[in-house]
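Mapped onto the working numbering, the consecutive letters of the sequence shown carry residue numbers 19 to 153.
For each residue, glycine too, the CB sits at the ideal point set by N, CA and C.
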Amino acid sequence: MDWKIELVPVPVSDVDASKAFYVDQIGFNADFDERVNPELRFVQLTPPGSACSVVIGPGTTDMVPGSQRIQIVVPSAAEARQHLVEHGVQTSDITPLDWGTFVYFSDPDGNQWSLQELPEIPPTLPSEESPDEPL
19 MDWKIELVPV PVSDVDASKA FYVDQIGFNA DFDERVNPEL RFVQLTPPGS
69 ACSVVIGPGT TDMVPGSQRI QIVVPSAAEA RQHLVEHGVQ TSDITPLDWG
119 TFVYFSDPDG NQWSLQELPE IPPTLPSEES PDEPL
């Protein structure tokens, strides 16, 4: 059975400003924007290439704006950072760690994002006692 994360709430104080930030500066796709009722506006935004989206809008979460932390895997931390900087987003410097290369930024409310470029993992050679090989 597959279990897939599909939607993560991001608490924001100004939906229109946050939508513009995520779409125009970060490059997310605006999939859906509907005021369902007076208490609920559902704005679904998806990073390019992702099967998981974020949702912003009143009535979508009880979290305090600025309290969310999310990590996204990108093919190149340097290219992702360049895109963000070119679109006016303040980022950290590129941070190399043993478990990947990272770039950090925050949205206008202070929700924190980590962009991780995964490290190259050298291919492993099958051992003589590999369970996948016939005896």
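### Query
So what's F39 in DSSP terms, helix, strand or just coil?
Taking the sequence shown and counting its residues from 1, the one referred to as residue 39 is at position 21. Three-state DSSP puts F39 in a helix.
### Task
Identify every residue that forms a DSSP beta bridge with Q89.
In the sequence shown, residue 89 corresponds to position 71, counting from 1. S132.
### Task
Determine the DSSP secondary structure at E97, reduced to helix, strand or coil.
Here residue 97 is taken as the residue at index 79 of the sequence shown, counted from 1. Residue state, collapsed to three classes: helix.
### Burial state of N129, where buried means 16 or more other Cβ atoms lie within 10 Å
Taking the first residue of the sequence shown as 1, we reach residue 129 at position 111. Buried, because 16 or more other Cβ atoms sit within 10 Å of the Cβ of N129.
### Message
Among the candidates W21, S71 and D42, whose CA atom is the shortest distance from the CA of F50?
### Response
What you label residue 50 is simply residue 32 of the sequence shown in a count that begins at 1. Measuring from the Cα of F50, the nearest candidate turns out to be S71.
### Query
Counting pairs of Cβ atoms below 8 Å between the region 129–139 and the region 104–119, do you hit three or more?
yes
#### Entry: I44 in three-state terms, based on DSSP
If you number the sequence shown from 1, residue 44 lands on position 26. Three-state DSSP puts I44 in a helix.
### Query
What number of angstroms, rounded off, separates the C-alpha of G106 from the C-alpha of D80?
As a working mapping, residue 106 is identified with position 88 in the sequence shown. As a working mapping, residue 80 is identified with position 62 in the sequence shown. Taking the straight line joining both Cα atoms gives about 29 Å.
### Query
Which residue from N55, S68, V91 and F60 puts its Cα closest to that of P137?
For the purposes of this step, residue 137 is taken as residue 119 along the sequence shown, with counting starting at 1. Nearest of N55, S68, V91 and F60 to P137, Cα basis: V91.
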